[in-house]
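Undergrad: For what it's worth, this note's numbering labels the leading residue of the sequence shown as 188, then goes sequentially.
All C-beta atoms, glycine included, are put in the ideal place defined by N, C-alpha and C.
Since this is a predicted model, take the numbers as computed values, not measurements.
Right, I'll just put the structure down here and ask away after.
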Amino acid sequence: MKKALPIFALTTLLALSACGGDLDDPLARDCEVERTEIEDVSLCLPTDWTIISQGFGEQSNYVIMVSAANSGSVMQLHVKKDDLQEPVKSTTELSEKAVDLARQTAPNYSVVSTDPITIDGKDSILHIFDAQPAGNEESVRYYQFVTTSSGYMYGFTAVMKPGLDEYLLEIVIDVLKGIRFI
Numbered sequence: 188m189k190k191a192l193p194i195f196a197l198t199t200l201l202a203l204s205a206c207g208g209d210l211d212d213p214l215a216r217d218c219e220v221e222r223t224e225i226e227d228v229s230l231c232l233p234t235d236w237t238i239i240s241q242g243f244g245e246q247s248n249y250v251i252m253v254s255a256a257n258s259g260s261v262m263q264l265h266v267k268k269d270d271l272q273e274p275v276k277s278t279t280e281l282s283e284k285a286v287d288l289a290r291q292t293a294p295n296y297s298v299v300s301t302d303p304i305t306i307d308g309k310d311s312i313l314h315i316f317d318a319q320p321a322g323n324e325e326s327v328r329y330y331q332f333v334t335t336s337s338g339y340m341y342g343f344t345a346v347m348k349p350g351l352d353e354y355l356l357e358i359v360i361d362v363l364k365g366i367r368f369i
């Protein structure tokens, strides 16, 4: 029994440290994996956050509303899922093409940042930009990236609730970075 106790303690410490993360980080502290209406996409949400998924138009278009416990709806996430026509050699190159497409087509486009991110083990680019959806409206900030999984290409475009404080915005971006395919 005396030999088993240190082994048990060491195993427990290793298991707890594998969870990782700062205790102030809501995603590391309490992550609830939420399946979405998109068959194989899940989000990692802080405690008391919820999602509502809805398909629209073609079968491959979805909107996911993410709500925080005390802040209401904080993000709309638009997801486009398409069959890959050919194998993708580099998700980073695919992401660069998506950034170029946004630059060419978004009205009154203005880049905020293009930072490398990893989504479910694959490299991508988190492209943050402002654009004006209609001529007279205010600019909207978009958070966009593309990736692939199981023969599909996924385009994710998030629009945040205007006026989010920095802390809440950081959590929402972490939710985006925590998207997984199951």
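In chain order, what residues of the same chain have a beta carbon less than 6 Å from the beta carbon of I304, not counting five sequence neighbours either side?
TA: Cβ within range, chain order: S311, L313, K364.
Undergrad: Would you kindly report the start and end of the unbroken alpha helix (DSSP H) that includes A285?
TA: 278-292 is the extent of the alpha helix (DSSP H) around A285.
Undergrad: What is the DSSP secondary structure of Y296, reduced to helix, strand or coil?
TA: If DSSP states are grouped into helix, strand and coil, Y296 belongs with coil.
Undergrad: If we call anything under 8 Å between Cβ atoms a contact, is Y330 one with A318?
TA: In this structure, A318 does not lie closer than 8 Å to Y330 by Cβ.
Undergrad: Determine the DSSP secondary structure at L356, reduced to helix, strand or coil.
TA: Helix.
Undergrad: Assuming the contact rule is C-beta atoms closer than 8 Å, V359 and V266 should be a hit. Round their C-beta distance to whole Å, please.
TA: About 15 Å separates the two Cβ atoms, so there is no contact after all.
Undergrad: Expressed to the nearest angstrom, what Euclidean distance is found between the alpha-carbon atoms of D302 and V286?
TA: Their backbone Cα atoms lie some 11 Å apart in a straight line.
Undergrad: Determine whether the beta carbon atoms of L271 and T334 lie at a separation below 8 Å.
TA: Not in contact: L271 and T334 (Cβ atoms no closer than 8 Å).
Undergrad: Quick one: give me the first and last residue of the beta strand (DSSP E) that A255 is part of.
TA: A255 -> beta strand (DSSP E) spans 248-255.
Undergrad: Within 10 angstroms of the Cβ of V298, are there 16 or more other Cβ atoms? Answer buried if so, exposed if not.
TA: V298 should be labelled exposed.
Undergrad: So A293 packs on F316, CB below 8 Å; how close in whole Å?
TA: Confirmed, about 7 Å.
Undergrad: In the structure shown, what three-state DSSP assignment does L363 receive?
TA: Three-state DSSP puts L363 in a helix.
Undergrad: CB-CB under 6 Å to A255, same chain, minus the five flanking residues each way: which ones, in chain order?
TA: So the qualifying residues of the chain are W236, V261.
Undergrad: Which one or two residues does DSSP pair with V261 in a beta bridge?
TA: According to DSSP, which records beta bridges pairwise, V261 is partnered with nothing at all.
Undergrad: Suppose you measure from the CA of G342 to the CA of D269; what does that come to, to the nearest Å?
TA: Using only the alpha carbons, I get a separation of about 9 Å.
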